[in-house]
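Under the working numbering, think of the first position of the sequence shown as 106, with each following residue one higher.
Positions of the beta carbon are idealized from the N, C-alpha and C atoms, including for glycine.
Keep in mind it's a predicted model, so treat the numbers as computed, not measured.
Reading through the C-alpha cells given below for one structure.
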Amino acid sequence: MSSNLLVLAAAAPAAGPPGWVQILPLVAMGVIFWFLVFRPQMKRQKEHQAKIAGLQKGDRVVTAGGLIGKIVKLDDHYVDLELGPNVRVKAVRSTIGDVIPPNNAPAND
106 MSSNLLVLAA AAPAAGPPGW VQILPLVAMG VIFWFLVFRP QMKRQKEHQA
156 KIAGLQKGDR VVTAGGLIGK IVKLDDHYVD LELGPNVRVK AVRSTIGDVI
206 PPNNAPAND
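What follows is the structure in C-alpha cells.
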C-alpha cells in the first residue's frame, strides 16, 4: 500500500507558478513598448501641432516634401508659400514640417 502512495506522489505534477505570473512578461513588454515607442511619438506629434498652430505670415518654413518657402498667406487648412520671385504655391497646412529660425545662415558661409 505504501508503494502505491509513492507511485501516486511521484506521478502527480509539481505545483507550478500561479497563472498571473505567466502574464507578467507580456505586461512588462507592453510597458516598455509604451515608454520607448508610443510616448515619444505622441510628444513629437504635440510639438508639431503646436508649431502648426503658431505659424505666422512671414515665417520661413520647410514642407514635408522638402520645399523651403516664406509664408505669404494663412488659412485654416492651407498656406500660400513664396518659393522664389513670382513663384507661389499653396500647401496643406499640416504638411509643414518645420519652421526655420530667423537669421539662420548656412554653415558653409
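### Task
Just mark G124 as buried or exposed, buried being the case when its beta carbon has 16 or more other beta carbons within 10 Å.
Label assigned to G124: exposed.
### Query
Over what stretch of residues does the alpha helix (DSSP H) that includes V126 continue unbroken?
G124 to F138
### Task
Report the rounded CA-to-CA distance for D181 versus L141, giving the unit in angstroms.
33 Å
### Query
Which first and last residues belong to the alpha helix (DSSP H) in which R198 is found?
Looking at the DSSP string, R198 is not in any alpha helix (DSSP H), and its letter there is neither H nor E.
### Task
Could you check what DSSP says for K175 in three-state terms: helix, strand or coil?
strand
### Task
Identify the continuous alpha helix (DSSP H) that holds K156 and give its terminal residues.
Following the DSSP letters along the chain, one finds K156 inside the alpha helix (DSSP H) bounded by residues R144 to A158.
### Message
Please list the terminal residues of the continuous beta strand (DSSP E) segment that includes D185.
### Response
Y183 to G189
### Task
Check each candidate in K195, Q127, K178 and P207 and name the one with the smallest Cα separation from L172.
K195
### Task
Have a look at K175, Q127 and M147 and flag the residue whose alpha-carbon is nearest the alpha-carbon of P207.
When K175, Q127 and M147 are compared, the shortest CA-CA separation from P207 is found for K175.
#### Entry: Best match in V184, G135, P145 and A169 for proximity to Q161 [C-alpha to C-alpha]
V184
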